[in-house]
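Residue numbers (this note's numbering), protein chains in the order written: chain A, 201 to 644; chain B, 201 to 644; chain C, 201 to 644; chain D, 201 to 644. Okay, structure first, notes after.
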């Protein structure tokens, strides 16, 4: 790292509406994390958004008075040269693709969501080849740089990067652990610092296995509080369907908001079908939100992150990214919940697979804490999603229709091999443009 | 073993309509397996059936001219004294309980079946305490005897016996592997001896990982043949819903008939709901079959197993039991597919858990062959069912309502925690009489 | 923990010559670790030393001006009442026993040392029953207190405590990791803070698997420096025999000073036999050192730790203990190298075994970092010592002569079953008084 | 396999004095194993022996009246064309090399033996590259053929073939398991068929974990019998040094004769040093034996295997090879003890490593039985030898001096890094001619 002269950060998908969060994160941490250059990279289709967001970023930096250079470019290779950290937050196919990921499965009575089930698979198929290409470029242009990915489905994407890329400095980040920590602290009426949670599982399949308040275990109390229908922990993009309190007690560990997809499949599906009818799937809502956000960003007097951004759902995503970058840079050795190579941390999951666990973040990167065996009652579901992620990643890399069909059929949200085939064919066709490896040969 | 004087076998649930199969099995093997005494044991409620079947058994033995004594008794302890092998084939609550296991879940839109999902759990909760009691008695009265269980759900039952009983000479048997071997041989137009299949998984979740014909691998060919809708492999109790051929090819290993519950959930459910409406669930059909079988058995001129028995669905169950008994007795060291302690055979499954794998059967009992890692695409589902079986077994042993709710909610055939609670409460109430440990304390 | 009123610490073996180190450690950390009461406990045979050291401790506290109460007692149970932390540093049989541990094996041509080989086994056999008794008392009198053990052989002792005691709040500490860190930093001419080492292995069988300077890996450079005969890393009690530089390079990881016993067995033995002839084994030297230390401690004007203590060999032992206590108390989440339950941290070692690895120390105790597979070239030796520790711990707990003979014969420093028996019988006889479980029944 | 026309077998090292055993084995099994062609292959240096042994083989076949063609050739590639089975029994460097393997370590006070310690390593370094070359040729010329290796050190050689060759149809055979089975049966005064032994470990580090007589466990009795100094189980090449009976009882499993190297190192070394002084190391004795054997073979009237061959020490080696070939050919599914890929059979040993365990031998090759965890008291030693074998195999493949030094130093029979270097340099120099990969670059 050429850190003596300050840090060079490259953000791929820099035209994202989230970018002001990231910029704010770097500004707030400037004292400990002196970013010299922030390169916002996007593709031709994102040129306009990149300019809007980029100019906003420049205003933010100016207002803050920090000597951080903002570079805007469509030339990814030039940006990657000698980077110290690369963050990725792209959406291949933009929000229109997300609309399809959500609506097509629902048309066939299946849950439609961009990180789970059929939609999650398709997002993975589109995204993984692009990220592998970036990792390959990094291996050449900035081999010592860390790739910090927050593109979903982060579990499958990290799995693919760890297994199929030579560039092994890869970390997947997500805002779910932070949200859980914050929500649980609120439920306990305690400052977050007083609350310690052991986290283990996969991305969007994360469990808080033990919760401590001032060093005393309070997991049972937290589960009781979460069982109260008035105090639901959730995310902007997940309906706050209440947990069955008896089940929560029996589960014995704290589920993450996304676990509703698996333990409340029926209710989630009903709720989604309702939104589907009303043209109010999450993608459609987000499209409107984004439009209004970009309208705001265009305002040349705006030089701070607008409060409206929080509704967007990715709150704390950039905090997660900034924190891991700062801890590596400063050798902080603090504990963060990250997607990394398992290497034996969770017993029974392949050493080379991605897991989301509490890690110590050192200058050499994150080291997972030893988790040991997951509680028996959650082992099975975690393994099933891991099978899905591994087969899905293989499908993305090989462009194999059969592997994609296999991944979809073994997904617990998909209830039939024949139905899987129908939905898959429709989704592949709809995303044809972004799936070159599936279509350059006659796979169907 | 007091084998010098011939073998003593005890069959608990001796009044079952299957018993003539077992008796025929012992008669046919008399030369290699000289059964001196066969004790048919039943409970008061089964006294009449025991007498009908027992007399039929006596006629069969007489007709065959073998010196096998048939004893009928309601006194289990007396029967167990110095037994060499004990087989168990009981149905706690009789067929009426099975009707409830099937119909109650269907009333709530969930699959109703006696070995999977909600029905399977309830059958486990009723059966496991009785089998643990038998194992405890064996430990005292015939500590060297093997317990050969073919009571369903055999996976969960064997799990419970291996984990919670001191009597560790326990084997679970099932007719699925034999049926798969036979069907695949037929598809290949080959004698069964020419076909060799590596089997691995759990009970009713068994995969043929490799199929060989005359030593040459033909797994791909078999999957192609099975993908033909005209050549479906199934069991008497499972609708022969055709597999999606593309999925089958992608799966790469041969699923068992019961896998339809997981890979064709939607279709199975639709088919069951149809039967439900018509009062033609499997239990209801079996009830009629049993009535007509017992009518036949009453005929004092009948002294061979009637061909009608085959429709009953358990064909080859008793072959499986007779074969394992004979191989232990004769130290045959042949390969059989049995439910035994994993002990490292399948990587990633707890050493102390039950698995269904190819074993070498020696005088010291079955030794599983080394399987290693299951293919990634099936690992997840197998682990999920294993989690269900382990939590279900714990619920049965502890009488814990919470554990039962947990087991049900994590079952992939149950789509909601709230729905699980509704169905569980109804099922527990319906089977109250046979669930003393759940009701002696105020658990609900 | 009744921490609002300050911390209660109990030091068993309080009459040790090391105690001033510990007292100094608590004084220096008083701001972050307010010790209210320090109870020094010893046995009748140690009464005089306890008084000498205890009075010295009182003078040290007074001089420092911290409100720490020093209590001296022979009544262990009274001391343990409501303790927060218990440290153990006893020597069952005192230094005379160590003389035997060292000299008897050497009489038979075997290495004599108090933590390895025959001497280590015998020290374990004497010590483990006493520590298990303490743990049992703690379970009753201070169930939330941590037992911080620095009695050798710390590996076998921690193994025994983790496996055979219900009190699972147990940590083994050692000064080897600190010494390695310090020595390597000196070799690199760098402040310790700039040097980061990943540590993994067992007690006195610890490897530095990677060394980083300012975040850059320098393991190869360190091995080259250590191969220089003029820059040997060692401990006070281990002769600084130079490593073969080519071997060190090939080993690829940094061995600890005690590894000389295994990779330089021949040279160590020759060196010990020399000392043996001269009556200058380590125990004999230490006896003299202790005598002169206690002579110093008697001086009522001495109120600081005398510099001579450093020669004693246990430098930084008490630092290790104070640091872990402070990190638990303050929830520091810093990284320390401790003996804890493996729980999957090192692949291939039993989950329930003790390992010495880098841990994050939280308010809930230490959590090992995930190590994964040890490099193949060191796996075997680590496993062999682990087998020795496990069988040795079992011998200590059961008082089984056969298990003791087994442990000794499988130790790589013992070259013959017959010789093992001769040496074992002589050692058992010599330590008869301190091995009640071996002699109350007729085991030989 | 072109088995319709009979089997083609290729024996590399066909000029070995053992070949008549192999030929006798094929003659005796002709009915079940119709060998059409047996190709004896040797190198130029072995031409004369090949002719002598080959002619003897032809006379044996003629006398037996079986239609087996014997082909003698120095053209290995021609011989391998379309082979069904290839057996390898070569000695790179002939017996002169063995003399060096034995005498050079002894000159430095280390055990000298051709499968253990320094001698074993050097034999591995010479042999492995040749076997990898053969495997590569097979992959091209007879990809479906099994390579049955009985060249020592069979453990390290099989490890190397499994890890570094694409040709994965590899089996290592050894006569130790048969000898143990036979000796134990004799001790029990029982026919071998009545005795069943579970075998597990590594080559020349094999344990009988349980012994059964007529189905009843008699392990304890066998250990007692083996503890009797008059009834020692050993091999022709290992001095029958008596076991310490108390140690044997404590060990709890039956060691193999070679375990004396590790549990009686001192006595073995003393005995070898005696033989060394007298010029009577095993290699020297074998040279004389071989000379007299070849003198016999030259006798054109000799047409059966002469009884003198048994003294040579490899008795039953060829039985082991013939048995595994016949079981594969006939799909016998019997149990044999073979060196195969672990794949999870023994817990804690790498999946890809070679282990020696009881296997079921099917037409698809051997499948190891599930062993699970080795008893704790033997785990460590087994792991240590496995580390030695893995590092040694890597040294052989890479020609790395450093890896060779590492392998030698971590071997438990070598007591010092410096001594290892001295002995290694002398051995490498002595075997220079057969170690091209070590000398073509400047490694020392």
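We treat Cβ as the ideally placed atom computed from N, Cα and C, and that holds for glycine. Owing to the predicted nature of the structure, the values given are computational and were not obtained by experimental measurement.
query	result
Short-range partners of chain E found in the region 562-590 of chain D, where Cβ spacing is below 9 Å	Absent from the structure: chain E. Protein chains present are A, B, C and D.
Neighbouring residues, chain D, relative to residue 602 (chain C) (Cβ below 8 Å)	446, 449 and 450
Candidates B:207, B:262, B:481 and B:233: closest to residue 282 (chain B) by CA position	B:207
Chain-order list of residues whose beta-carbon lies under 6 Å from that of residue 593 (chain C) (same chain, five-residue window excluded)	356, 359 and 360
Same chain only: Cβ atoms within 8 Å of residue 314 (chain A), ignoring 5 sequence neighbours per side	298, 301, 302, 320, 323, 352, 353, 482 and 483
Within chain C, partners of residue 531 (chain A) - CB distance below 7 Å	415
Whole-angstrom distance between residue 234 (chain B) and residue 202 (chain B), CA atom to CA atom	Because the pLDDT of residue 202 (chain B) is 44, which lies under 50, any placement of that residue in the model is unreliable, and the question is left without a value.
Coarse secondary structure for residue 481 (chain C), derived from DSSP in three states	coil
Exposed unless 16 or more other CB atoms sit within 10 angstroms - verdict on residue 536 (chain B)	buried
Ordered list of beta strand (DSSP E) runs contained in the region 411-484 of chain A, each at least 3 residues	none
is_contact[residue 545 (chain A), chain C] using C-beta, thresh 7 Å	yes
Reduced DSSP secondary structure (H/G/I, E/B, other) of residue 405 (chain C)	strand
Whole-angstrom distance between residue 336 (chain D) and residue 386 (chain C), CA atom to CA atom	50 Å
Residues that residue 463 (chain A) contacts on chain B, provided the C-beta gap is smaller than 7 Å	609 and 617
Buried versus exposed call for residue 474 (chain A) [16 or more other C-beta atoms within 10 Å across all chains shown]	exposed
Terminal residues of the alpha helix (DSSP H) in which residue 385 (chain D) lies	376-387
Short CB-CB distance (under 7 Å) between residue 606 (chain C) and chain D	yes
C-alpha gap between residue 472 (chain D) and residue 463 (chain D), whole angstroms	15 Å
Residues that residue 457 (chain B) contacts on chain A, provided the C-beta gap is smaller than 7 Å	Near residue 457 (chain B) there are no residues of chain A at all, since even the closest Cβ is about 14 Å away, more than 7 Å.
Start-to-end residues for the beta strand (DSSP E) that takes in residue 559 (chain A)	554-562
Candidates B:445, B:637 and B:557, of which the one nearest residue 621 (chain A) by Cα	B:445
Beta-bridge pairing of residue 592 (chain C) - partner residues as DSSP gives them	The partner list for residue 592 (chain C) (beta bridge, DSSP) is empty, contrary to what the question assumes.
Opposing strand residues paired with residue 396 (chain B) [DSSP bridges]	B:412
7 Å Cβ cutoff, residue 549 (chain B) in contact with chain D	no
Three-way DSSP call (helix, strand, coil) for residue 610 (chain A) in this model	helix
Buried or exposed (CB count within 10 angstroms, at least 16 for buried), residue 268 (chain C)	buried
Cβ contact check for the region 521-540 of chain B and the region 218-232 of chain B: 3 or more pairs under 8 Å	yes
CB contact check: residue 560 (chain D) to chain B, cutoff 7 Å	yes
Helix, strand or coil at residue 220 (chain D) according to DSSP, with G and I counted as helix	helix
Proximity to residue 547 (chain C) [Cα-Cα], best of C:558, C:574, C:568 and C:557	C:574
Beta-bridge pairing of residue 536 (chain A) - partner residues as DSSP gives them	A:559
The ligand PLP heavy atom lying under 6 Å from the CB of residue 451 (chain C)	The model depicted lacks the ligand PLP and carries no ligand whatsoever.
Where residue 534 (chain C) meets chain A, residues with beta-carbon distance less than 8 Å	533
Chain A within 7 Å of residue 412 (chain C), Cβ atoms only	yes
Same chain, Cβ closer than 6 Å to residue 643 (chain C), five either side skipped, listed in chain order	Interpretation of residue 643 (chain C) is limited by its pLDDT of 44, a score under 50 that renders its predicted location unreliable; no figure is taken from the coordinates.
Residue 321 (chain C) - DSSP class collapsed to helix/strand/coil	helix
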